[in-house]
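Visitor: Would you mind keeping the following structure in view while I ask a few things?
In this note's numbering, the protein residues as written are 159 to 306.
Here it is in structure tokens:
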């Protein structure tokens, strides 16, 4: 058995948001001399990245992604890939609630530190997945943080 990451378990317990900040020491010369503040990142905004479904595809076949709505609405089904031979597959997800929590954590952290906040996504490739982050961050910024 392969055990899941203990770091992943801690992220799940904490709700997923973790900020990583560089340590600046005045007696150590900086490689970027005009740079006064650290770059702070939060690379994994959702603890469920540690709950992915992954498996080795044994041979030729069809990989499908299926969502069955709880309210009886029509099933949403997408063909992800038509395998001609063996390979691997992964399925992951996120929730609006988690993205909203991540947005608030990010805005509050930036305001507390008086740092600018930049959201980096790849919504040119993951139009729906990363686009959802962009849309939610923008809505929350406009509604709650723009005047701050």
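Yeah, the Cβ is synthetic: ideal placement off N, Cα and C, and Gly gets one too.
So residue 290 and residue 257 are in contact, right, with Cβ under 8 Å, and what is the actual spacing, rounded?
Guide: Residue mapping note: residue 290 aligns to position 132 of the chain shown, counting from 1. Residue mapping note: residue 257 aligns to position 99 of the chain shown, counting from 1. 6 Å between Cβ atoms; contact.
Visitor: Could you check the C-alpha separation between residue 265 and residue 281 for me, to the nearest Å?
Guide: Locating residue 265 in the chain shown gives position 107, where the first residue counts as 1. Locating residue 281 in the chain shown gives position 123, where the first residue counts as 1. Cα to Cα, the separation comes out at about 20 Å.
Visitor: Which of the three DSSP states, helix, strand or coil, is assigned to residue 198?
Guide: Counting from 1 along the chain shown, the entry for residue 198 is found at position 40. Three-state DSSP puts residue 198 in a strand.
Visitor: In terms of residue numbering, what span does the beta strand (DSSP E) encompassing residue 213 cover?
Guide: Mapped onto the chain shown, residue 213 falls at position 55. Run containing residue 213: 211-215, per the beta strand (DSSP E) assignment.
Visitor: Go ahead and label residue 251 buried or exposed: buried means 16 or more other beta carbons lie within 10 angstroms of its beta carbon, across all protein chains shown.
Guide: Walking along the chain shown from the start, residue 251 turns up at place 93. Residue 251 should be labelled exposed.
Visitor: Taking DSSP as the reference, what is the three-state secondary structure of residue 218?
Guide: What you label residue 218 is simply residue 60 of the chain shown in a count that begins at 1. DSSP places residue 218 in coil when its eight states are reduced to three.
Visitor: Closest Cβ-Cβ distance between residue 285 and chain D: below 9 Å?
Guide: Absent from the structure: chain D. Only one protein chain is present.
Visitor: If I'm right that residue 294 touches residue 254 with Cβ under 8 Å, what's the distance once you round it to whole angstroms?
Guide: For the purposes of this step, residue 294 is identified with residue 136 of the chain shown, where counting begins at 1. For the purposes of this step, residue 254 is identified with residue 96 of the chain shown, where counting begins at 1. 7 Å between Cβ atoms; contact.
Visitor: Between which residues of its own chain and residue 288 is the CB-CB distance below 8 Å, once the five residues before and five after are set aside?
Guide: In the chain shown, counting from the first residue as 1, residue 288 sits at position 130. Excluding positions up to five away in sequence, the list reads 279, 280 and 281.
Visitor: Measure the alpha-carbon distance for residue 234 versus residue 275 and round it to whole angstroms.
Guide: Taking the first residue of the chain shown as position 1, residue 234 is located at position 76. Taking the first residue of the chain shown as position 1, residue 275 is located at position 117. Distance between the alpha carbons of residue 234 and residue 275 is about 35 Å.
Visitor: Rounded to whole angstroms, what is the Cα-Cα separation between residue 231 and residue 224?
Guide: Residue mapping note: residue 231 aligns to position 73 of the chain shown, counting from 1. Residue mapping note: residue 224 aligns to position 66 of the chain shown, counting from 1. In a straight line, the C-alpha of residue 231 is about 13 Å away from that of residue 224.
Visitor: I'd like to confirm the pairing. Which residues does DSSP put opposite residue 247 in its beta bridges?
Guide: Your numbering for residue 247 matches position 89 in the chain shown. DSSP lists 213 as partners of residue 247.
Visitor: Find out if the Cβ-Cβ distance for the pair residue 241, residue 215 is shorter than 9 Å.
Guide: The residue you call residue 241 lines up with position 83 of the chain shown. The residue you call residue 215 lines up with position 57 of the chain shown. Taking 9 Å as the Cβ cut-off, residue 241 and residue 215 qualify as a contacting pair.
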